[in-house]
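Chains as they are written, first to last, in my numbering: chain A, 409 to 619; chain B, 409 to 619. Beneath this line is the structure, given in structure tokens, with notes to follow.
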DNA sequence: AGTGCATGCAAGTATTTACATGCATGCATG
DNA sequence: CATGCATGCATGTAAATACTTGCATGCACT
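Structure follows, in structure tokens:
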């Protein structure tokens, strides 16, 4: 019923794109909440504001919608590595920045991540997609910490566990906020900062750090 | 078809209890994997090795099964507090012990926790049940750390974030292992210990701690 | 004016699913 | 032996669900 703005660069496809996007968006939202089975094609069509048949004109089957949605998780490593490459005043600033980058990546993909989590056992490939984000985040951070250790900027330790703890913290904060709606009683920026402090100094350590 | 061993203490109810338990166990397993909708009464009956009708002789409706399952999460605080009360050689030992206690509590309830996570948006009360475990774990640990700070065993800091980081680590490890089947490349006991070390000393700190 | 294309609407189909009913079986206990 | 009780089995039902088909509408572009 809606018609495309006259935009020659899009050809005649603007309308099609729009409905397709509306369907995908509605499906993403519903599947994240209710799971694949809970997101019926009827509900999707209602939320998208289109007729149910229209869904099947755009997607051969319901799983095709899911498969389309799942394409959005990939290529995360690059963004994470970018967030860790720049110049920072000190390691703490790097950590705070990395925490923010990672948390925002999670939030940007929250619906798809939820779908993967919920559907983990029904769609096996989904597992890899889901886990790839935190696993990559741990890996990238771990490598950076190792680098610091080799350069003498950090004492030798267990960078993998450290990275795991750091990433876990924001993974949990993310789940608490967007899946379970628990209030953690701490602002995100404050959490990034305090967690970075604790990761660096621990809770039992005098603050005697250089730089 | 099976008949109860002659056990007067159980009266004539042993048989009934047994099938009931078989149904609950099958439902727990399936719902944790496939979600509430994915666990059809037919599949439950097959896994339980009973006839589908038998399910409805024991439970009025399918949700009644779910409700029954959800009763198992409660009363966690007591167990967590017990695990933190005893005498320990040093704070690190206390942390390692607490980590183990918490992780085991998660593992013991893994199916129900997964169900809660998956069904979070469909069964609203479920959310509270699910979140209660990590939230309580953070709370109990946070209180203990505050106590240490007041007694001068730890410098003043941010015990809440510290507790959150610690609990998050094992929450993530738990999810990785039991939901996503990711191998973290570290044994659990080792993880408990290394995480405790890092929480206490950080990664940028000379080991000059009294305990 | 005419053609194509995306969509809406009404109706239908085959399957799945939660749940019901009636009947038969077999053990246990009085 | 008789009664009760838990279960199996066959069958049924009403709703939901993924997906189909046929037809009408209205905009866009030629």
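Glycine included, every Cβ here is placed at the ideal spot set by N, Cα and C. Just so we're clear, the structure is a prediction, and the values are computed from it rather than from any experiment.
Any chain A beta carbon closer than 8 angstroms to residue i
{"i": "residue 577 of chain B", "result": "yes"}
{"i": "residue 437 of chain B", "result": "no"}
{"i": "residue 580 of chain B", "result": "yes"}
{"i": "residue 457 of chain B", "result": "no"}
{"i": "residue 443 of chain B", "result": "yes"}
{"i": "residue 497 of chain B", "result": "no"}
Run of the alpha helix (DSSP H) containing residue i, from where it starts to where it stops
{"i": "residue 467 of chain A", "result": "Per DSSP, residue 467 of chain A belongs to no alpha helix (DSSP H) and is neither H nor E."}
{"i": "residue 598 of chain B", "result": "596–609"}
{"i": "residue 516 of chain B", "result": "499–516"}
{"i": "residue 568 of chain B", "result": "567–586"}
{"i": "residue 494 of chain B", "result": "Per DSSP, residue 494 of chain B belongs to no alpha helix (DSSP H) and is neither H nor E."}
{"i": "residue 592 of chain A", "result": "Segment: none, residue 592 of chain A is in no alpha helix (DSSP H) and carries neither H nor E."}
{"i": "residue 452 of chain B", "result": "449–456"}
Residue i: contacting residues in chain A (beta-carbon distance under 7 angstroms)
{"i": "residue 494 of chain B", "result": "Those do not exist, as residue 494 of chain B stays about 20 angstroms from chain A at its closest Cβ, beyond 7 angstroms."}
{"i": "residue 528 of chain B", "result": "587, 588"}
{"i": "residue 535 of chain B", "result": "588, 589"}
{"i": "residue 599 of chain B", "result": "569"}
{"i": "residue 562 of chain B", "result": "611, 612"}
{"i": "residue 603 of chain B", "result": "569, 573"}
Which of helix, strand or coil DSSP assigns to residue i
{"i": "residue 563 of chain B", "result": "coil"}
{"i": "residue 527 of chain B", "result": "coil"}
{"i": "residue 418 of chain B", "result": "For residue 418 of chain B, the predicted model reports a pLDDT of 34, less than 50, meaning its position is unreliable; a value from the coordinates is still stated below. In the structure shown, residue 418 of chain B sits in a helix (DSSP, three-state: H, G or I)."}
{"i": "residue 548 of chain A", "result": "helix"}
{"i": "residue 413 of chain B", "result": "Note that residue 413 of chain B scores 36 on pLDDT, short of 50, meaning its location in the model is unreliable and no value can be drawn from it."}
{"i": "residue 482 of chain B", "result": "coil"}
Test: residue i CB closer than 8 angstroms to a CB of chain B
{"i": "residue 608 of chain A", "result": "yes"}
{"i": "residue 612 of chain A", "result": "yes"}
{"i": "residue 594 of chain A", "result": "yes"}
Within chain B, the residues that residue i reaches when beta carbons sit closer than 8 angstroms
{"i": "residue 514 of chain A", "result": "Near residue 514 of chain A there are no residues of chain B at all, since even the closest Cβ is about 12 angstroms away, more than 8 angstroms."}
(message) At a CB distance below 8 angstroms, what residues from the region 538–559 of chain A approach chain B? Give them in sequence order.
(response) The residues in question are 538, 539, 542, 543, 553.
(message) Please identify, using Cβ separations under 8 angstroms, the residues of the region 457–490 of chain B that lie next to chain A, in order along the chain.
(response) When C-beta distances to chain A are compared with 8 angstroms, every residue of the region 457–490 of chain B stays at or above that value.
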